[in-house]
Amino acid sequence: MNKLVSFLEELEEKDIYYKLNKIRDAILVEVVIPGERWEVEFFQDDSIVVEKFVSDGILYDEKELEVLFREF
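Numbering (the numbering used here), first residue to last: 17 to 88.
This is the structure we're talking about:
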(Lines of atoms letter the chains of each structure in order from A; the text may use other names.)
(Lines give C-alpha, C1' and ligand atoms only; values in the text may rest on other atoms or scores of the structure.)
Protein backbone atom coordinates (compact mmCIF):
# COMPACT_ATOMS: atom_id res chain seq x y z
CA MET A 17 0.00 0.00 0.00
CA ASN A 18 2.91 2.35 0.68
CA LYS A 19 4.13 2.03 -2.92
CA LEU A 20 0.68 2.93 -4.23
CA VAL A 21 0.30 5.99 -2.02
CA SER A 22 3.83 7.20 -2.83
CA PHE A 23 3.14 6.76 -6.56
CA LEU A 24 -0.12 8.72 -6.34
CA GLU A 25 1.56 11.51 -4.38
CA GLU A 26 4.28 11.82 -7.02
CA LEU A 27 1.71 11.95 -9.82
CA GLU A 28 -0.12 14.72 -7.97
CA GLU A 29 3.11 16.66 -7.32
CA LYS A 30 3.83 16.62 -11.05
CA ASP A 31 0.20 17.41 -12.01
CA ILE A 32 -0.13 14.17 -14.02
CA TYR A 33 -3.74 13.09 -14.62
CA TYR A 34 -4.75 9.67 -13.31
CA LYS A 35 -7.79 7.70 -12.26
CA LEU A 36 -8.18 4.68 -10.01
CA ASN A 37 -10.00 1.44 -10.62
CA LYS A 38 -10.06 -2.08 -9.21
CA ILE A 39 -9.32 -4.93 -11.60
CA ARG A 40 -9.05 -8.56 -10.55
CA ASP A 41 -7.04 -8.51 -7.31
CA ALA A 42 -5.22 -5.24 -7.96
CA ILE A 43 -5.66 -1.49 -7.81
CA LEU A 44 -5.30 -0.07 -11.31
CA VAL A 45 -3.92 3.42 -11.81
CA GLU A 46 -4.64 4.70 -15.30
CA VAL A 47 -2.19 7.48 -16.19
CA VAL A 48 -2.73 9.74 -19.20
CA ILE A 49 0.08 11.80 -20.68
CA PRO A 50 0.35 13.30 -24.19
CA GLY A 51 0.50 10.45 -26.71
CA GLU A 52 0.52 7.71 -24.09
CA ARG A 53 -1.67 5.89 -21.62
CA TRP A 54 -0.17 3.80 -18.85
CA GLU A 55 -1.89 1.12 -16.78
CA VAL A 56 -0.07 0.54 -13.51
CA GLU A 57 -1.38 -2.34 -11.39
CA PHE A 58 -0.56 -2.60 -7.68
CA PHE A 59 -1.12 -6.10 -6.26
CA GLN A 60 -1.62 -7.19 -2.66
CA ASP A 61 1.77 -8.96 -2.64
CA ASP A 62 3.44 -5.56 -3.35
CA SER A 63 4.24 -6.45 -6.96
CA ILE A 64 3.68 -3.83 -9.65
CA VAL A 65 2.95 -4.36 -13.35
CA VAL A 66 3.16 -1.54 -15.90
CA GLU A 67 1.61 -1.64 -19.37
CA LYS A 68 2.15 1.29 -21.77
CA PHE A 69 -0.02 2.18 -24.76
CA VAL A 70 1.79 4.56 -27.10
CA SER A 71 0.10 6.49 -29.91
CA ASP A 72 1.47 6.14 -33.41
CA GLY A 73 0.42 9.72 -34.07
CA ILE A 74 -2.11 8.82 -36.76
CA LEU A 75 -5.47 10.56 -36.44
CA TYR A 76 -8.62 9.11 -38.00
CA ASP A 77 -11.96 10.61 -38.95
CA GLU A 78 -15.35 9.37 -37.77
CA LYS A 79 -15.36 6.54 -40.34
CA GLU A 80 -12.90 4.73 -38.09
CA LEU A 81 -15.77 4.20 -35.63
CA GLU A 82 -17.21 1.72 -38.12
CA VAL A 83 -14.02 -0.33 -37.78
CA LEU A 84 -14.45 -0.36 -34.01
CA PHE A 85 -17.93 -1.83 -34.16
CA ARG A 86 -17.23 -4.16 -37.08
CA GLU A 87 -14.09 -5.72 -35.60
CA PHE A 88 -14.93 -5.69 -31.93
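We treat Cβ as the ideally placed atom computed from N, Cα and C, and that holds for glycine. Bear in mind the structure is a predicted one, so any value in this text is a computation, not a measurement.
Going by DSSP in three states, K79 sits in which element: helix, strand or coil?
The residue you call residue 79 lines up with position 63 of the sequence shown. Coil.
Unbroken beta strand (DSSP E) run spanning F23, endpoints
Position 7 of the sequence shown holds residue 23. Premise fails: F23 lies in the alpha helix (DSSP H), 18-29, not in any beta strand (DSSP E).
Spatial neighbours of R53 in its chain, beta-carbon cut-off 8 Å, leaving aside the 5 residues before and after:
Position 37 of the sequence shown, counted from the first residue, corresponds to residue 53. Excluding sequence neighbours, R53 sits near E46, V47, K68, F69.
Assuming contact is defined by CB atoms lying nearer than 8 Å, are I49 and I64 in contact in what I supplied?
Start at 1 with the first residue of the sequence shown, and residue 49 comes out as number 33. Start at 1 with the first residue of the sequence shown, and residue 64 comes out as number 48. For I49 and I64, no; Cβs fall outside 8 Å.
Excluding five sequence neighbours on each side, which residues of the same chain lie with their C-beta closer than 7 Å to the C-beta of D62?
Reading the sequence shown from its first residue, position 46 is the one you call residue 62. K19, listed in sequence order.
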